[in-house]
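S.K.:
Numbering (my numbering), first residue to last: 11 to 201.
Pasting the structure below:
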């Protein structure tokens, strides 16, 4: 157990916190990896004659990755593949989100939602998308991001693929509409 936390329960039932729709609510907490006995780097089936040892690794659910400390993330717990293997499976350090730049400022010109098409590169399988920590969708195609008219200020968009690799962009939404109040009439006559 990495952390001991308390949860509020109702009649002994703890509320579900992971989205069943994403398929990640039923999480396998332990994964077995094969490590090189000497270098402690990960081995794949294409590593030939290298001798390996099996090791169990305890992992948090993928949906939690953006909020974990570095030492609790999959990338810290599962070693990189050994360069001595003939074929190394693709292993990205981070996903790259396209369609919006990190630290970009978006200006709302009309009092309606801003719509953007965003995509991700470096992902394996389906990607789960989160806007300010709220799950939006899990899909393989680009995301049609709809920023509601009430959303202003700092925004964070996070993408997580099936291997738990994440990408994130932070941006600002500002209301560019200049709202003028109705002119006020002043009585300048003396009574």
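Each residue gets a CB set at the ideal place from its N, CA and C atoms; glycine is no exception.
Where does the unbroken beta strand (DSSP E) through residue 118 begin, and where does it stop?
M.R.: 115-118
S.K.: Around the Cβ of residue 14, are there at least 16 other Cβ atoms within 10 angstroms (buried) or fewer (exposed)?
M.R.: Its Cβ having fewer than 16 others within 10 Å, residue 14 is exposed.
S.K.: Under the rule that 16 or more other beta-carbon atoms within 10 Å means buried, what is residue 119, buried or exposed?
M.R.: exposed
S.K.: Return the CA-CA distance between residue 78 and residue 104, expressed in angstroms with no decimal places.
M.R.: 15 Å
S.K.: Report whether the distance from the Cβ of residue 40 to the nearest heavy atom of the ligand NAD is below 7 Å.
M.R.: Inclusion of the ligand NAD in the displayed structure is not the case, the ligand content being empty and no account of it being possible.
S.K.: As a quick exercise: from 114, 43, 157 and 64, pick the residue whose alpha carbon is nearest that of residue 85.
M.R.: Ranking 114, 43, 157 and 64 by CA distance to the CA of residue 85 puts 43 first.
S.K.: Does the Cβ of residue 63 have 16 or more other Cβ atoms within 10 Å, making it buried, or fewer, making it exposed?
M.R.: exposed
S.K.: Flag this pair as touching only if the region 156-171 and the region 69-76 have three or more C-beta atom pairs under 8 Å; answer yes or no.
M.R.: Between the region 156-171 and the region 69-76, the count of Cβ pairs shorter than 8 Å is three or higher; the stretches touch.
S.K.: Are residue 117 and residue 50 close, meaning C-beta to C-beta below 8 Å?
M.R.: no
S.K.: Give the straight-line distance between the Cα atoms of residue 180 and residue 130, rounded to the nearest whole angstrom.
M.R.: About 15 Å.
S.K.: Excluding the 5 residues preceding and the 5 following residue 61 in the sequence, name in chain order all residues of the same chain whose CB lies nearer than 6 Å to its CB.
M.R.: 47
S.K.: Classify residue 178 as helix, strand or coil using the three-state DSSP reduction.
M.R.: strand
S.K.: In angstroms with no decimal places, state the Cα-to-Cα distance between residue 154 and residue 95.
M.R.: 39 Å
S.K.: Residue range of the alpha helix (DSSP H) that residue 84 falls in?
M.R.: Here the alpha helix (DSSP H) through residue 84 covers 84-87.
S.K.: Between which residues of its own chain and residue 139 is the CB-CB distance below 6 Å, once the five residues before and five after are set aside?
M.R.: Closer than 6 Å at Cβ, skipping near neighbours: 146, 147, 153 and 169.
S.K.: So which of 67, 125 and 92 has the shortest CA-CA distance to residue 161?
M.R.: 125
S.K.: Roughly how many angstroms separate the alpha carbons of residue 110 and residue 87, rounded to a whole number?
M.R.: Looking at the two C-alpha atoms, the distance is approximately 30 Å.
S.K.: Taking the alpha carbon of residue 158 as the reference point, which residue from 136, 178, 53 and 142 has its own alpha carbon closest?
M.R.: 142
S.K.: Going by DSSP in three states, residue 160 sits in which element: helix, strand or coil?
M.R.: coil
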